[in-house]
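> Sharing a structure here in structure tokens format.
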Amino acid sequence: MKKSRPILWISIIAAVALAGYFGWQRYLSPDAAKTQTAQKGPPRAPPVPVSVSPVQKADFPVYLTGLGTVQGFNTVQVRTRVDGQIDKIAFTEGQIVKQGELLVSIDPRPYQATLDQAKAKKAQDEANLANANLELQRSMKLGDFATAQRVDTQRSTVAQLTAQIAADEAAISNAQTQLDYTQITAPFTGVAGLRQVDVGNIVNASSQTAMVTIAQIEPITVIFTAPEEQLPYISESQKIAPLKVIALTTDGKKTLAEGQLSVVNNQVDTTSGTIRLKAVFDNKGRTLWPGQSVSTRLLIRTVKDATVVPDDAVQHSTNGLYAYTVSQENKAELRKVKVSYSIDGRSVIEEGLSPGQQVITGGSFRVQPGSLVSTAVASSDPGQSKVRQE
Numbered sequence: 001m002k003k004s005r006p007i008l009w010i011s012i013i014a015a016v017a018l019a020g021y022f023g024w025q026r027y028l029s030p031d032a033a034k035t036q037t038a039q040k041g042p043p044r045a046p047p048v049p050v051s052v053s054p055v056q057k058a059d060f061p062v063y064l065t066g067l068g069t070v071q072g073f074n075t076v077q078v079r080t081r082v083d084g085q086i087d088k089i090a091f092t093e094g095q096i097v098k099q100g101e102l103l104v105s106i107d108p109r110p111y112q113a114t115l116d117q118a119k120a121k122k123a124q125d126e127a128n129l130a131n132a133n134l135e136l137q138r139s140m141k142l143g144d145f146a147t148a149q150r151v152d153t154q155r156s157t158v159a160q161l162t163a164q165i166a167a168d169e170a171a172i173s174n175a176q177t178q179l180d181y182t183q184i185t186a187p188f189t190g191v192a193g194l195r196q197v198d199v200g201n202i203v204n205a206s207s208q209t210a211m212v213t214i215a216q217i218e219p220i221t222v223i224f225t226a227p228e229e230q231l232p233y234i235s236e237s238q239k240i241a242p243l244k245v246i247a248l249t250t251d252g253k254k255t256l257a258e259g260q261l262s263v264v265n266n267q268v269d270t271t272s273g274t275i276r277l278k279a280v281f282d283n284k285g286r287t288l289w290p291g292q293s294v295s296t297r298l299l300i301r302t303v304k305d306a307t308v309v310p311d312d313a314v315q316h317s318t319n320g321l322y323a324y325t326v327s328q329e330n331k332a333e334l335r336k337v338k339v340s341y342s343i344d345g346r347s348v349i350e351e352g353l354s355p356g357q358q359v360i361t362g363g364s365f366r367v368q369p370g371s372l373v374s375t376a377v378a379s380s381d382p383g384q385s386k387v388r389q390e
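In this note's numbering, the protein residues as written are 1 to 390.
Laid out in structure tokens, this is it:
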């Protein structure tokens with residue numbers, strides 16, 4: 001017991017000294033503690049992760065977008081010009097028929113008989129004319145022994161028969177034409193639609209129902225509209241060079257064909273304030289089909305050396321449009337901008353930005369002016385990750 005008492009007293013004295021030291025630090029020297037805390041400063045906010053893209057200088061194509069309808073370059077409803085029974089259907093629905101190819105054959109026998117009759121009539125009249133000429137020559141050789149009346153009568157007979165032969169030739173031509181109409185051919189190369197007749201049907205020239213419709217698809221046309229206020233720009237650009245027209249699917253995701261503007265309609269539609277336009281496409285791949293609805297883009301001009309940024313960089317507010325740029329210290333700076341054109345995910349900046357600057361395209365909802373940011377730049381290489389950290 002006597003040996004443990006000194007150790008106990010030493011422990012008590014050490015505990016009291018330690019408590020006194022901490023009490024002095026907390027209560028006796030508050031200014032020193034505040035000074036130490038002030039030196040450390042407030043806790044620093046972590047940088048905001050954002051995606052950035054460079055402001056670029058590039059040529060920017062200006063398009064007028066709209067909706068259009070594909071039409072065949074030529075479209076014909078094939079009808080018969082003679083009456084008769086169909087002997088043969090020589091085409092298949094949906095087939096590409098060449099110009100001059102047989103489509104439908106109508107029973108030609110009645111028209112062949114009419115032609116033969118006209119030819120026989122001509123042969124008969126030619127024989128009569130030959131005989132009349134001989135009579136005229138004999139009468140003229142008689143001289144004073146033939147009366148003047150007989151000679152004049154014979155001359156008149158020759159003239160009448162000559163005129164009759166001319167009428168026979170016309171009848172033969174008409175009969176041949178009617179016979180030719182029994183063989184209905186394609187007026188141009190195109191796609192045959194659904195047929196409306198079958199072999200054995202009786203068709204009439206007076207009928208308004210077409211036997212088949214043929215549409216020319218190479219080339220093919222698209223009819224679309226543009227606002228009337230764009231007409232001066234279209235006319236001005238068309239004088240310089242033919243304007244390019246792009247046809248896309250109605251959702252605008254797939255390009256179907258490229259062609260040229262060929263016709264501007266001669267009047268503006270006053271009810272809608274639009275002008276109708278026609279574009280022609282080669283359509284070698286047959287991606288366009290008559291009656292198809294498409295989206296159209298008409299290239300009216302190209303802005304040279306434009307300041308271009310992604311659409312995601314442009315933000316909207318009650319005070320107008322703005323964008324965030326990233327300074328060399330990786331801090332966000334707000335810039336008010338003015339946009340002139342926007343298409344295909346890109347915008348042309350007239351005021352507020354300069355080429356070479358970095359604009360924030362993603363994560364801007366957490367950014368405030370002066371915020372420290374951590375940037376990730378979009379990569380244009382499809383084989384790499386979409387963003388890379390900087």
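Note that CB positions come from ideal geometry on N, CA and C, so glycine has one too.
Helix or strand or just coil, what does DSSP make of Val78?
Your numbering for residue 78 matches position 78 in the sequence shown. Correct three-state label for Val78: strand.
> Please report the straight-line C-alpha distance between Ala32 and Ala323, rounded to a whole angstrom.
Position 32 of the sequence shown, counting from 1, holds the residue named residue 32. Position 323 of the sequence shown, counting from 1, holds the residue named residue 323. Residue confidence for Ala32 is low, a pLDDT of 48 falling below 50, so the modelled location carries little weight and cannot support an answer.
> Alpha carbon to alpha carbon, what distance is there between Leu134 and Lys122?
Position 122 of the sequence shown, counted from the first residue, corresponds to residue 122. Position 134 of the sequence shown, counted from the first residue, corresponds to residue 134. Near 18 angstroms, if we compare the C-alpha coordinates of Leu134 and Lys122.
> Excluding sequence positions up to five away, which residues of its chain have a Cβ less than 7 angstroms from the Cβ of Lys284?
As a first step, residue 284 is located in the sequence shown; it is residue number 284 there, counting from the start. Correct list, in chain order: Glu218.
> Do the CB positions of Val373 and Pro46 come within less than 8 angstroms of each other?
Reading the sequence shown from its first residue, position 373 is the one you call residue 373. Reading the sequence shown from its first residue, position 46 is the one you call residue 46. No. Outside cutoff.
> Keeping to the same chain, check which residues put their C-beta closer than 7 angstroms to that of Ala313; ignore five residues upstream and five downstream.
One-based indexing of the sequence shown puts residue 313 at position 313. Cβ within range, chain order: Ser53, Ala323, Val359, Ile360 and Thr361.
> Thinking Thr189 and Gln99 are a contact (beta carbons under 8 angstroms), I'd like their distance in whole angstroms, please.
The residue labelled residue 189 in the question sits at position 189 within the sequence shown. The residue labelled residue 99 in the question sits at position 99 within the sequence shown. Indeed, because the Cβ distance is near 5 angstroms, the residues count as touching under 8 angstroms.
> Taking the alpha-carbon positions, what's the Gln208 to Asp87 distance?
Working through the sequence shown from its first residue, we reach residue 208 at position 208. Working through the sequence shown from its first residue, we reach residue 87 at position 87. Approximately 20 angstroms between the Cα atoms of the pair.
> Can you give me the C-alpha to C-alpha distance between Gly320 and Lys57, rounded to a whole angstrom?
As a working mapping, residue 320 is identified with position 320 in the sequence shown. As a working mapping, residue 57 is identified with position 57 in the sequence shown. Distance between the alpha carbons of Gly320 and Lys57: 23 angstroms.
> Closer than 6 angstroms by C-beta to Phe224: which residues in its own chain qualify, once you throw out the five before and the five after it? Chain order, please.
One-based indexing of the sequence shown puts residue 224 at position 224. Cβ within range, chain order: Gly66, Gly68, Leu277 and Thr296.
> Mapping DSSP to helix, strand and coil, what is Leu391?
No statement about residue 391 is possible, as the shown extent of the chain runs from 1 to 390 and does not include it.
> Would DSSP call Lys278 helix, strand or coil?
In the sequence shown, counting from the first residue as 1, residue 278 sits at position 278. In the structure shown, Lys278 sits in a strand (DSSP, three-state: E or B).
> Can you grab the Cα-Cα spacing for the pair Ala210 / Gln77, in whole Å?
Walking along the sequence shown from the start, residue 210 turns up at place 210. Walking along the sequence shown from the start, residue 77 turns up at place 77. Using only the alpha carbons, I get a separation of about 5 angstroms.
> Using only the alpha-carbon positions, how far apart do Val212 and Gln196 sit?
Numbered from its first residue, the sequence shown carries residue 212 at position 212. Numbered from its first residue, the sequence shown carries residue 196 at position 196. Those two C-alpha atoms are separated by around 6 angstroms.
> In angstroms with no decimal places, state the Cα-to-Cα distance between Thr221 and Thr274.
As a working note, residue 221 is residue 221 in the sequence shown. As a working note, residue 274 is residue 274 in the sequence shown. If I take the Cα positions, the gap works out to 19 angstroms.
> Just to confirm, are Asp107 and Gly84 a CB contact at a threshold of 8 angstroms?
As a working mapping, residue 107 is identified with position 107 in the sequence shown. As a working mapping, residue 84 is identified with position 84 in the sequence shown. Yes; because the gap between Cβ atoms is below 8 angstroms, this pair is in contact.
> Between which residues of its own chain and Gln357 is the CB-CB distance below 6 angstroms, once the five residues before and five after are set aside?
Taking the sequence shown and counting its residues from 1, one reaches residue 357 at position 357. Val55 and Thr325.
> If you check the beta carbons only, do Ile165 and Leu129 fall under 8 angstroms apart?
The sequence position of residue 165 within the sequence shown is 165, counting from 1. The sequence position of residue 129 within the sequence shown is 129, counting from 1. Yes, the pair counts as a contact, with Cβ atoms nearer than the cut-off.
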